[in-house]
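Read the structure below first, then the notes.
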Amino acid sequence: MAKTDSEISVKFPTIQQCESKGREDQRVVSDMDGTLLVGRSSFPYFALVAFEVGGISRLLFLVLASPLAGFLYYIVSESAGIRVLVFATFVGVKMPDIEYVARAVLPKFYSSDLHPDTWRVLSSCGKWCVITANPRIMVEVYLKEYLGVDMVIGTEIFTYKGRATGFVNEDGVLVGDNKAKALQKAFDSTFTPHIGIGDRKSDFPFMNLCKESYIVRPEPSVKPMGQDKLPKRIVFHDGRLVQKPGPLMALMIILWIPVGFLLACLRIAVGSLLPMPLVYYAFWALGVRIKVKGNPPPPAQKSTGQTSVLFICSHRTLLDPIFLSTALGRPIPAVTYSLSRLSEIISPIKTVRLSRDRATDANMINKLLEEGDLVICPEGTTCREPFLLRFSALFAELTNELVPVAMSNKMSMFHGTTARGWKGMDPFYFFMNPSPAYEVNFLNKCPYDLTCKAGKSSHDVANYIQRTIAATLSYECTYFTRKDKYKALAGNDGTVPTKSGIASNKVMGC
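Just so you know, we're using the numbering used here here: the sequence shown kicks off at -2 and counts up by one.
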């Protein structure tokens, strides 16, 4: 059991009292939960791993085990409680799956919970070490690649034939004296860290090894650092869950998924089967909110001289063209870099795959524009954060009738995109949200003097439209591409290796 605030403050000064100036040559050692992070519980991060590696069944197993874990943690020992969480989360899981979640999913949630005072002290020192009871495999990528921590000491999990057994190794869970022993083992016996930072009684043994020690007291008024102050901002991340799942939220997710899946099937059926002019109202009746802004152009009509337009959309999910069509009340064909077979079948609009061969794609888009209006997402892949990826410039060479469309959406429970999972489930996850929302903002048509036919380069036109959409959404323009996204998240360029019967240019998805 942790000491009361009055007992803690007598033994150690608080982190607010730690002077951060003049420590460039010093080494700091910090705990993680409740110290480097504002949140004192590691359950949400175990729940994230459980859901991503094992779906609802693994998350249910963890939730059922959590009362036992809580009882052991608070009544018996912290080590026993953490062992239960480790076992329920990791038993039988392939190590590459855990590593993927640690790289692509957890950093987003860790970054949203950084303690401002601890980070102030940590970043002022020359060398940083984080020691934690969490499994090292969960935290090391984030701490080293996003915060620049020099050394990470965490609980080691036991593996067998490439899978986690659910047990920890012989050093045990790093709490209490085990933390002090691990710290002594990591450093030369003659070296003493300058600063030690912890938040509970079980941190005292390693804090006593440091020249100075400070306690981080739980204060509800402390807010995590803002995203703009992070040492490295998160541009790409994966995973299906939108919110950090505490025990209650995890239980709500488990109970909602069967209901949400049926609701998603109904919403998708309505969008696929009803005439497009009615879809807008049907979506509203089923809890899907669509907000339309701007003045879209009228449909192309050769008889009146109204030429076809190419809608240039920011890319949030593969449903962007569908919601644009819903906003217009008429189906607009879409060209896409990839789409799962299931998504093609249930799509209420015509979808045409790009081949990634410039000449072939240009000819195909020109033919489609001769038939009517068309929509394209030139980023080539989705981005969840308030950033726009680099726009491919091909579209700018094909027509001067360009209408930028700023797309944005809101989801409260599930993300409708994935980099590694099966993309056929993307629309289902989006529509499984209790009340998903889309905003479709039609901007002014690109001025003629800013088109290629007026002498501008295709890259200048693409960059202009990117900046226009970014300014409307208050997003930030980047030069990242889909290859950057997949290298950061999945460790590849998004291309599926050639197999018998599969085209070599088939890609993993949006």
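Where a beta carbon is used, it is the ideal one built from N, C-alpha and C, also for glycine.
Query                                                                                                                                                                        : Result
Strictly by DSSP, which residues pair up with Glu153?                                                                                                                        : Its beta-bridge partners do not exist; DSSP assigns none.
To which residues does DSSP link Tyr211 through a beta bridge?                                                                                                               : Ile194
To the nearest angstrom, how far is it from the Cα of Met410 to the Cα of Leu260?                                                                                            : 14 Å
Pull up the CB-CB distance for Leu307 and Glu376, whole angstroms please, since I reckon it's below 8 Å.                                                                     : With a Cβ gap of about 15 Å, Leu307 and Glu376 do not count as contacting.
With a threshold of 16 other CB atoms inside 10 Å of the CB of Gly236, please say whether the residue is buried or exposed.                                                  : buried
Tell me which residue opens and which closes the beta strand (DSSP E) that Ala434 is part of.                                                                                : Ala434 to Phe439
Which first and last residues belong to the beta strand (DSSP E) in which Arg160 is found?                                                                                   : Arg160 to Val165
In terms of DSSP beta bridges, what is Ile287 paired with?                                                                                                                   : Tyr435
So who's on the other strand from Arg350, going by DSSP bridges?                                                                                                             : Thr333
On the DSSP bridge list, what partners appear for Trp253?                                                                                                                    : BP columns for Trp253 are empty, so no partner.
Taking the alpha-carbon positions, what's the Glu368 to Pro345 distance?                                                                                                     : 18 Å
Go ahead and label Gly257 buried or exposed: buried means 16 or more other beta carbons lie within 10 angstroms of its beta carbon, across all protein chains shown.         : buried
Measuring CB to CB, does Glu509 end up less than 8 Å from Ser199?                                                                                                            : Look at the range of the chain in this structure, -2 to 507, and you will see that residue 509 is not part of it.
Exposed or buried, what is Glu142 when buried is set at 16 or more other beta-carbons lying within 10 Å of its beta-carbon?                                                  : exposed
Under a Cβ-count criterion, where at least 16 other Cβ atoms within 10 Å of its own Cβ denotes burial, should Ile499 be classed as buried or exposed?                        : Note that Ile499 has pLDDT 37, beneath the 50 cutoff, so the model's placement of it is unreliable and no number is given.
Do you know offhand how far Asn438's Cα is from Tyr70's?                                                                                                                     : 51 Å
List the endpoints of the continuous beta strand (DSSP E) containing Ser27.                                                                                                  : Arg24 to Ser27
Please determine, among Lys482, Arg479 and Leu440, the residue with the shortest C-alpha to C-alpha distance to Ile462.                                                      : Leu440
Taking the C-alpha atoms as reference points, what is the distance between Pro330 and Val98?                                                                                 : 35 Å
Identify whether Leu365 lies in helix, strand or coil by the three-state DSSP scheme.                                                                                        : helix
From the DSSP output, in three-state form, read off Asn360 for me.                                                                                                           : helix
Since Ala183 and Phe203 should fall inside the 8 Å C-beta cutoff, what is the C-beta to C-beta distance between them, to a whole number of angstroms?                        : Actually they do not touch by this definition, with Cβ atoms about 11 Å apart.
Just the C-alpha distance for Val102 and Tyr435, rounded to the nearest angstrom, thanks.                                                                                    : 24 Å
Between the C-alpha atoms of Val170 and Arg80, what's the straight-line distance to the nearest angstrom?                                                                    : 7 Å
Can you tell me the Cα-Cα spacing of Ile95 and Thr129, whole angstroms?                                                                                                      : 18 Å
Since Leu470 and Ser311 should fall inside the 8 Å C-beta cutoff, what is the C-beta to C-beta distance between them, to a whole number of angstroms?                        : 7 Å
Helix, strand or coil for Asn131? Go by DSSP, reduced to three states.                                                                                                       : strand
Which term fits Arg417, buried or exposed, when burial requires 16 or more other beta carbons within 10 angstroms of its beta carbon?                                        : buried
Kindly identify the DSSP beta-bridge partner or partners of Leu34.                                                                                                           : Leu111
Just to confirm before moving on: does the CB-CB distance between Leu144 and Pro41 stay below 8 Å?                                                                           : no
From Gly123 to Asp147, what does the alpha carbon distance come to, in whole angstroms?                                                                                      : 10 Å
For Pro295, report the span of its alpha helix (DSSP H) as first-last.                                                                                                       : Neither: Pro295 is in no alpha helix (DSSP H) and is coded neither H nor E.
Assess, as a yes-or-no matter, whether the stretch 448 to 468 is touched by the stretch 380 to 395 under the definition of 3 or more beta carbon pairs within less than 8 Å. : yes
Rounded to whole angstroms, what is the Cα-Cα separation between Leu61 and Val172?                                                                                           : 24 Å
Who does Ser405 pair with in a DSSP beta bridge?                                                                                                                             : Glu436
Would Lys420 be called buried (16 or more neighbouring beta carbons within 10 Å of its own) or exposed?                                                                      : buried
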